[in-house]
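Now the structure itself:
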């Protein structure tokens with residue numbers, strides 16, 4: 058009996074098993090094998106409405122408990138996190154809600170001085186792309202890019218959706234609005250070119266579990282356990298990168314990992330990475346994009 062033909066599932070059409078991975082060639086710049094970027098979510102939330110990140114769910118309005126917990130991030134936590142990254146030679150990447158330009162201008166001055174790369178992350182984190190029609194979404198994406206361009210002198214190359222939500226049109230609209238890569242997914246340990254209707258768009262590895270929001274708040278992982286997760290991921294990818302260059306991502310939030318007891322544990326991870334700096338390219342997503350896009354043109 059002839060075996061039945063099995064077709065690969067390709068439900069969304071954005072990538073499949075044959076999708077082209079983006080390669081930097083034999084190695085990353087400097088002959089390094091593993092590229093590591095650390096992104097810090099710097100976010101603003103509306104008071105009393107819209108989506109929120111809560112440490113204590115269900116607090117009655119007016120919710121000053123969760124509000125002040127989140128505000129700690131932009132008053133204290135983000136500055137400590139960014140400065141700690143720079144101390145260990147890791148150039149900061151900021152997932153930026155543009156409302157922070159008004160609510161925490163001193164933080165933005167510091168981030169700029171530390172040469173952070175700014176990634177579009179919406180206007181506020183009370184927002185969501187969910188439910189937007191294409192015209193609304195295009196206007197929203199363009200507004201974020203225009204605000205960052207006006208403040209920083211250049212538009213962001215990258216985008217990360219608030220709450221990681223997309224519409225069926227997001228990946229098409231991002232390229233059309235000038236974004237060159239998206240940080241919402243991890244389908245590989247290397248960047249992957251996505252199928253869009255026009256402009257090329259790169260999926261930058263974004264490890265959902267190496268994210269303090271999903272792990273520490275969402276799954277109640279402790280600070281020490283989270284640091285151990287990062288160390289284990291780093292060690293495993295560093296070993297695997299001997300076969301081909303790979304990317305490791307870490308996503309932190311100012312009001313979560315910026316808390317002193319979590320930052321103390323996180324520093325163990327930074328110290329561990331620094332001990333292997335001869336093999337690691339501490340970098341930013343934009344530089345990774347430039348490395349693989351340049352290779353694709355050759």
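Residue numbers (this note's numbering): 58 to 355. Where is the CB? At the ideal position from N, CA and C, for every residue including glycine. Here the structure is a predicted model, which means the values were calculated and not measured.
Under the three-state reduction of DSSP, which class applies to residue 263: helix, strand or coil? Looking up residue 263 in the chain shown gives position 206. Note: residue 263 maps to coil in three-state DSSP.
Please identify the residue among 150, 82, 104, 200 whose C-alpha is closest to the C-alpha of residue 234. Within the chain shown, numbered from 1, the residue matching residue 234 stands at position 177. Comparing Cα positions, the closest option is 200.
Thinking just about the alpha-carbon of each residue, which of 252, 232, 264 is nearest to the one in residue 246? Taking the first residue of the chain shown as 1, we reach residue 246 at position 189. Nearest C-alpha to residue 246: 264.
How big is the Cα-Cα spacing for residue 208 and residue 100? By one-based count along the chain shown, residue 208 stands at place 151. By one-based count along the chain shown, residue 100 stands at place 43. When rounded, the distance between both Cα atoms is 17 Å.
Could you round the C-beta distance between residue 97 and residue 267 to whole angstroms and report it? I think they count as a contact, below 8 Å. Looking up residue 97 in the chain shown gives position 40. Looking up residue 267 in the chain shown gives position 210. Not quite, the Cβ-Cβ distance comes to about 13 Å (not below 8 Å), so this is no contact.
So which of 92, 138, 214 has the shortest CA-CA distance to residue 322? For the purposes of this step, residue 322 is identified with residue 265 of the chain shown, where counting begins at 1. For residue 322, the nearest C-alpha among the options comes from 138.
Residue 203 - DSSP class collapsed to helix/strand/coil: Position 146 of the chain shown holds residue 203. Of the three classes helix, strand and coil, the one that applies to residue 203 here is helix, per DSSP.
Taking 8 Å as the cut-off, decide whether the C-beta atoms of residue 95 and residue 131 are in contact. Locating residue 95 in the chain shown gives position 38, counting from the first residue. Locating residue 131 in the chain shown gives position 74, counting from the first residue. No, the pair does not count as a contact, with Cβ atoms beyond the cut-off.
Burial state of residue 73, where buried means 16 or more other Cβ atoms lie within 10 Å: As a working note, residue 73 is residue 16 in the chain shown. Exposed.
With distance defined between alpha-carbon atoms, name the residue in 317, 86, 103, 277 nearest to residue 136. Counting from 1 along the chain shown, the entry for residue 136 is found at position 79. Nearest option by C-alpha distance: 317.
Sorted by chain position, which residues of the same chain lie with C-beta nearer than 8 Å to residue 334's C-beta, five sequence neighbours on each side aside? In the chain shown, counting from the first residue as 1, residue 334 sits at position 277. Answer for residue 334: 146, listed in chain order.
At the level of alpha carbons, what is the spacing between residue 154 and residue 180? Against the chain shown, residue 154 aligns to sequence position 97. Against the chain shown, residue 180 aligns to sequence position 123. Cα to Cα, the separation comes out at about 5 Å.
Within a Cβ cutoff of 6 Å, which residues of the same chain sit near residue 254, ignoring the five residues on either side of it in sequence? The residue you call residue 254 lines up with position 197 of the chain shown. Within the same chain, residue 254 has close Cβ partners 229.
If we call anything under 8 Å between Cβ atoms a contact, is residue 248 one with residue 345? In the chain shown, residue 248 corresponds to position 191, counting from 1. In the chain shown, residue 345 corresponds to position 288, counting from 1. Yes; because the gap between Cβ atoms is below 8 Å, this pair is in contact.
Would you check if the distance between the CB atom of residue 257 and the CB atom of residue 236 is smaller than 8 Å? Taking the chain shown and counting its residues from 1, the one referred to as residue 257 is at position 200. Taking the chain shown and counting its residues from 1, the one referred to as residue 236 is at position 179. Contact flag unset, no.
Buried versus exposed call for residue 70 [16 or more other C-beta atoms within 10 Å across all chains shown]: Here residue 70 refers to the residue found at position 13 when the chain shown is read from its first residue. Residue 70 comes out exposed.
Mapping DSSP to helix, strand and coil, what is residue 174? Stepping through the chain shown from its first residue, residue 174 is reached at position 117. Three-state DSSP puts residue 174 in a strand.
Please look up how many angstroms separate the CB atoms of residue 341 and residue 150, rounded, as I've assumed it's under 8 Å. Along the chain shown, read from residue 1 onward, the residue named residue 341 stands at position 284. Along the chain shown, read from residue 1 onward, the residue named residue 150 stands at position 93. That pair is a contact at about 5 Å.
Can you check DSSP and say which residues form a bridge with residue 303? Along the chain shown, read from residue 1 onward, the residue named residue 303 stands at position 246. DSSP output for residue 303 lists 91 as bridge partner(s).
Report the rounded CA-to-CA distance for residue 161 versus residue 148, giving the unit in angstroms. Indexing the chain shown from 1 puts residue 161 at position 104. Indexing the chain shown from 1 puts residue 148 at position 91. Spanning the two alpha carbons is a distance of roughly 21 Å.
Straight-line CA distance for residue 183 to residue 327? As a first step, residue 183 is located in the chain shown; it is residue number 126 there, counting from the start. As a first step, residue 327 is located in the chain shown; it is residue number 270 there, counting from the start. Cα to Cα, the separation comes out at about 31 Å.
Whole-Å CB distance - residue 320 paired with residue 311, under 8 Å assumed: Mapped onto the chain shown, residue 320 falls at position 263. Mapped onto the chain shown, residue 311 falls at position 254. Contact doesn't hold; Cβ gap of about 11 Å is too wide.
Spatial neighbours of residue 244 within its chain, please: C-beta separation below 7 Å, excluding the five flanking residues on both sides. Here residue 244 refers to the residue found at position 187 of the chain shown. Cβ within range, chain order: 72, 260.
For the structure I just gave you, are there three or more beta carbon pairs, one from the stretch 183-199 and one from the stretch 104-119, closer than 8 Å? yes
Would you give the residue range spanned by the beta strand (DSSP E) that residue 122 belongs to? Position 65 of the chain shown, counted from the start, is the residue given in the question as residue 122. It is not in any beta strand (DSSP E) - residue 122 instead sits in the alpha helix (DSSP H) that spans 121-129.
Residue 269 burial status per 10 Å Cβ neighbour count (16 or more: buried): Your numbering for residue 269 matches position 212 in the chain shown. When all chains shown are included, residue 269 counts as buried.
Rounding to the nearest angstrom, what Cα-Cα distance links residue 125 and residue 163 in this structure? In the chain shown, counting from the first residue as 1, residue 125 sits at position 68. In the chain shown, counting from the first residue as 1, residue 163 sits at position 106. Approximately 18 Å, taken between the alpha carbons.
Name the one or two DSSP bridge partners that residue 78 has. Along the chain shown, one-based indexing puts residue 78 at 21. For residue 78, which the question treats as bridged, DSSP gives the partners 249.
Please return the same chain residues whose Cβ sits closer than 7 Å to the Cβ of residue 294, not counting the five positions on each side in sequence. Your numbering for residue 294 matches position 237 in the chain shown. Answer for residue 294: 91, 246, 303, 305, listed in chain order.
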